[in-house]
Amino acid sequence: MYLVSVYFDDKSNKIISDYINKIAQKTGNTFMTDNHVPPHLTIMSVEAREEEKLTEVMEQLERSLTKGQIQLVSVGVLLPYVLYVTPVLNLYLEDMVEQVHDMVKNIPEVRMSRYYQPMQWLPHITLGKKLSKEQMQEAFAVMQEQFVPMEVTVSEIGLAKTNPHQDLVRIELND
Numbered sequence: 001m002y003l004v005s006v007y008f009d010d011k012s013n014k015i016i017s018d019y020i021n022k023i024a025q026k027t028g029n030t031f032m033t034d035n036h037v038p039p040h041l042t043i044m045s046v047e048a049r050e051e052e053k054l055t056e057v058m059e060q061l062e063r064s065l066t067k068g069q070i071q072l073v074s075v076g077v078l079l080p081y082v083l084y085v086t087p088v089l090n091l092y093l094e095d096m097v098e099q100v101h102d103m104v105k106n107i108p109e110v111r112m113s114r115y116y117q118p119m120q121w122l123p124h125i126t127l128g129k130k131l132s133k134e135q136m137q138e139a140f141a142v143m144q145e146q147f148v149p150m151e152v153t154v155s156e157i158g159l160a161k162t163n164p165h166q167d168l169v170r171i172e173l174n175d
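Residue numbers (the UniProt record's numbering): 1 to 175.
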């Protein structure tokens, strides 16, 4: 499985990483830190036979996508195991998803996850994963104390393999 994700400016990365680290410290669940999962927002999940074709699409996207801002406004859960922060799904983010979707759908033998279709997805930035019921409660308590809504800059797009997380391509977006 491959993920197309966006990454954030240095200041935002530090804040989100601090959330991830505090949750890991409080809960003892170090899945995110052990697997070196960087702060990211997945915009597409695909299964593909030819990694090279996905890499080519990423290089094409470099020319058409630009940096932009999103607002992180809320903390949520995907029951039973995931705690996340979520952005407002604004025009910038939705346009990016549509551009990526339009380019990837033309690759033969690619299967796109139904959970990441334009206008049918829940944008989220995972802070804790594989949390037990007790760890979820502890993690949520951490975020109740720490989280403040903020604006972040989307500065990169990348392609990664999962389990464990492995960046294949990361491209800085144009201003």
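Think of the CB as a built atom: it goes at the ideal place given N, C-alpha and C, for glycine as much as any other residue.
Per DSSP, cross-strand counterpart(s) of residue i
i	result
PHE140	Note: PHE140 sits in no beta bridge, so no partner.
LEU3	SER45, ALA160
SER74	THR86
Distance CB(residue i)-CB(residue j) smaller than 8 Å
i	j	result
GLN146	LYS14	no
LEU83	PHE31	no
VAL169	VAL100	no
VAL154	LYS67	yes
GLU156	GLU172	yes
Chain-order list of residues whose beta-carbon lies under 8 Å from that of residue i (same chain, five-residue window excluded)
i	result
PRO39	TYR7, PHE8, SER12, ASN13, ILE16, SER17, ILE20, ILE125
GLN60	MET103
VAL97	ILE43, MET44, TYR116, PRO118, TRP121
THR162	MET1, TYR2, LEU3
Cutoff 6 Å; reference residue i; Cβ partners in own chain excluding five residues on either side
i	result
GLU151	GLN69, GLN71
ASN88	Per the sequence shown, the amino acid found at residue 88 is Val instead of Asn. Taken in chain order, the residues that qualify are GLN71, VAL73.
GLY76	TYR84, THR86
Contacts around residue i, its chain only, beta-carbon distance under 7 Å, and the 5 residues preceding and following it disregarded
i	result
ASN29	GLY128, LYS130, LEU131, GLN135
HIS165	ASN35, HIS36, VAL37
ARG49	GLU109
Residue i - containing beta strand (DSSP E), residue span
i	result
ASP167	166–172
Task: Every unbroken beta strand (DSSP E) inside the segment 16–65 [3 residues or more] - done: 41–48
Task: Whole beta strand (DSSP E) elements within the segment 78–159, 3-residue minimum - done: 82–87, 110–112, 125–128
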